[in-house]
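Each residue of the sequence shown is one higher than the last, beginning at 0 in numbering that gives the first Met the number 0.
Cβ atoms here follow ideal geometry from the backbone N, Cα and C, with glycine treated the same way.
In this text the structure is predicted, and so the values were computed from the model without any measurement.
Remarks on the structure that follows.
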Amino acid sequence: MRLATFKRVLFISGLMLVIVTAFGVQLGAAQEVTPIKIGVAVAQTSNVALLGQEQVIGARIAEAYFNSLGGVNGRPIELVLEDTAGDEAGAINAFQTVINAEVVGIVGPTLSQQAFSADPLAEAAGVPVLAPSNTARGIPQIGNFIARVSAPVAVVAPNAVSAALEVNPDIKDVAVFFAQNDAFASSETVTFQETVTALGLNLATVQTFQTTDTDFSSQVTNALALNPQLAIISGLAADGGNLVRQLREFGFTGTIIGGNGLNTANIYPVCQALCDGIIIAQAYSYAAESEINKTFRDIYFAEQAKEPPQFSAQAFTGIQVFVEALARVDNIIPLEDLDLTQTRALLNMAILSGSYNTPLGTISFTYEGEIIQAQYYVAQIEMNDDGQTGKFTFIR
């Protein structure tokens with residue numbers, strides 16, 4: 000377990016010298032300058048690819064952008080990408096591959112379900128992990144080398160319910176749906192259900208499904224028989240989008256809240272025009288006013304011809320944190336004087352002790368690796384007349 004007394008100032012002062020001495024660092028050894036490898040292990044295939052592909056885009060933008068600024072004090076970074084697919088085995092294999100590729104740290108995996116299986120490998124190897132989209136409870140507590148740039152669902156999700164009540168004050172009865180085979184969805188739904196109860200609403204029914212399901216007629220029929228005014232869905236983009244579509248096709252006219260797994264424009268082809276009106280809490284706003292967010296937004300829009308989504312912004316942030324933390328280590332002890340084990344250990348300390356001005360806003364970390372983030376948002380999907388394209392309009 001981490002020491003509760005860990006403070007950021009330790010990185011800047013005596014702790015670094017203690018670690019250097021303990022590791023036996025030999026300063027001044029001349030070595031060839033080579034790129035610094037950072038692993039990116041996210042879902043590029045499977046039904047989770049709708050999220051992971053956005054993460055690859057964000058990470059690639061960060062790689063090009065920070066290298067254009069000189070990388071880590073003049074030394075470029077190089078991403079080592081591996082596909083985790085959509086299950087635990089894929090994440091374990093991807094993590095093992097990037098660890099063996101001698102990366103200094105890993106951004107990934109895409110799913111919390113995968114993190115609980117793959118992160119222990121990184122922990123055992125002493126490799127820092129920055130989770131870009133693992134919002135379930137307990138992620139930072141996996142180990143000393145595990146942190147996240149994704150705000151926990153317990154903090155973000157309640158905002159969506161409050162916003163839904165502002166949109167429709169007549170909401171009284173709520174139907175909740177969640178993917179019971181996914182750790183994130185199972186965690187998120189607990190928060191949603193607790194919020195519903197805390198706000199004095201009636202939790203009319205809780206319906207379960209699998210992320211691999213495509214037919215939700217049974218769950219939809221059961222829920223609509225109770226005449227709810229609000230439906231809350233915790234799943235992924237493919238299954239969640241299909242559930243939204245079937246709710247509307249079966250005649251549901253109430254408000255729909257989507258969880259973090261639906262927080263992607265890649266849901267548009269799934270529910271098409273019926274995506275219109277979905278409310279989703281956000282840890283990122285493309286409209287946030289900061290220099291780094293404007294830069295990120297401009298680059299993303301130039302490449303993709305659309306506004307950047309949360310998953311891309313969080314992946315960019317993960318790479319940014321690694322780059323800036325590495326630079327801080329290098330400013331005190333040249334990275335070329337450290338072996339890989341030493342670099343990883345000192346990088347982990349630097350990550351937890353720093354503050355970062357990112358597209359998500361200014362963030363830092365607790366001693367456990369939990370993100371400290373000041374601002375959260377709520378958006379509503381507005382589909383265009385073509386039923387194929389749309390946008391996230393921020394309502395809070």
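Best match in the options for proximity to residue i [C-alpha to C-alpha]
{"i": "glycine 353", "options": "Gln341, Gly250, Val328", "result": "Val328"}
{"i": "serine 161", "options": "Ile279, Ser311, Ile141", "result": "Ile279"}
{"i": "glutamate 369", "options": "Ser149, Ile91, Ile60", "result": "Ser149"}
{"i": "threonine 188", "options": "Val155, Thr220, Asn167", "result": "Val155"}
{"i": "leucine 80", "options": "Ala93, Asn72, Gly70", "result": "Ala93"}
{"i": "asparagine 262", "options": "Leu246, Lys293, Gln54, Gln43", "result": "Gln54"}
{"i": "threonine 220", "options": "Glu248, Asp238, Ile56, Asn201", "result": "Glu248"}
{"i": "glutamine 398", "options": "Ser111, Lys36, Glu165", "result": "Limits of the chain in this structure are 0 at one end and 395 at the other, which puts residue 398 out of reach."}
{"i": "leucine 223", "options": "Lys36, Thr254, Ala163, Ala237", "result": "Thr254"}
{"i": "valine 205", "options": "Leu198, Thr392, Leu225, Arg136", "result": "Leu225"}
{"i": "threonine 481", "options": "Ile98, Phe300, Gln179, Leu198", "result": "For residue 481 there is no data in the structure shown, the boundaries of the chain being 0 and 395."}
{"i": "glycine 107", "options": "Ile76, Asn66, Val152, Gln52", "result": "Gln52"}
{"i": "valine 97", "options": "Gly73, Phe115, Asn72, Gly125", "result": "Gly125"}
{"i": "threonine 196", "options": "Ala174, Lys390, Glu290, Glu62", "result": "Ala174"}
{"i": "glutamine 245", "options": "Ser186, Ala264, Gln271", "result": "Gln271"}
{"i": "glutamate 101", "options": "Leu242, Pro227, Lys36, Ile138", "result": "Lys36"}
{"i": "alanine 304", "options": "Leu164, Glu77, Ala264, Val128", "result": "Ala264"}
{"i": "glutamate 46", "options": "Met382, Thr109, Glu323", "result": "Note that residue 46 corresponds to asparagine in the displayed sequence, not to glutamate. Nearest of Met382, Thr109, Glu323 to asparagine 46, Cα basis: Thr109."}
Residue i - partner residues in DSSP beta bridges
{"i": "threonine 207", "result": "Phe177"}
{"i": "isoleucine 277", "result": "In DSSP, isoleucine 277 forms no bridge with anything."}
{"i": "serine 363", "result": "Ser354, Ile371"}
{"i": "arginine 147", "result": "Ala130"}
{"i": "isoleucine 255", "result": "Ala230"}
{"i": "valine 243", "result": "None, per the DSSP bridge assignment."}
{"i": "isoleucine 105", "result": "Gly38, Val128"}
Simplified DSSP assignment, three categories, for residue i
{"i": "glutamine 43", "result": "coil"}
{"i": "aspartate 169", "result": "coil"}
{"i": "glycine 57", "result": "helix"}
{"i": "lysine 390", "result": "strand"}
{"i": "glutamate 381", "result": "strand"}
{"i": "lysine 399", "result": "Because the chain is modelled from 0 through 395, residue 399 falls outside the range shown and cannot be assessed."}
{"i": "glutamate 77", "result": "strand"}
{"i": "aspartate 297", "result": "helix"}
{"i": "tyrosine 64", "result": "helix"}
{"i": "asparagine 201", "result": "strand"}
{"i": "isoleucine 266", "result": "helix"}
{"i": "serine 289", "result": "coil"}
{"i": "threonine 83", "result": "coil"}
{"i": "serine 284", "result": "coil"}
{"i": "leucine 417", "result": "Look at the range of the chain in this structure, 0 to 395, and you will see that residue 417 is not part of it."}
For residue j and residue i, believed in contact at Cβ under 8 Å, the rounded distance
{"i": "leucine 325", "j": "leucine 346", "result": "6 Å"}
{"i": "phenylalanine 177", "j": "threonine 207", "result": "6 Å"}
{"i": "alanine 424", "j": "alanine 40", "result": "There is no way to answer for residue 424, as the model of the chain reaches only from 0 to 395."}
{"i": "glycine 240", "j": "valine 269", "result": "3 Å"}
{"i": "isoleucine 170", "j": "leucine 200", "result": "7 Å"}
{"i": "isoleucine 350", "j": "alanine 146", "result": "6 Å"}
Exposure of residue i, with buried meaning 16 or more beta-carbon neighbours within 10 Å
{"i": "leucine 68", "result": "exposed"}
{"i": "glutamine 113", "result": "buried"}
{"i": "glutamine 379", "result": "buried"}
{"i": "asparagine 330", "result": "exposed"}
{"i": "serine 284", "result": "buried"}
{"i": "alanine 88", "result": "exposed"}
{"i": "proline 168", "result": "exposed"}
{"i": "serine 216", "result": "exposed"}
{"i": "isoleucine 371", "result": "exposed"}
{"i": "glutamine 218", "result": "buried"}
{"i": "alanine 236", "result": "buried"}
{"i": "glutamine 387", "result": "exposed"}
{"i": "aspartate 82", "result": "buried"}
{"i": "valine 32", "result": "exposed"}
{"i": "threonine 44", "result": "exposed"}
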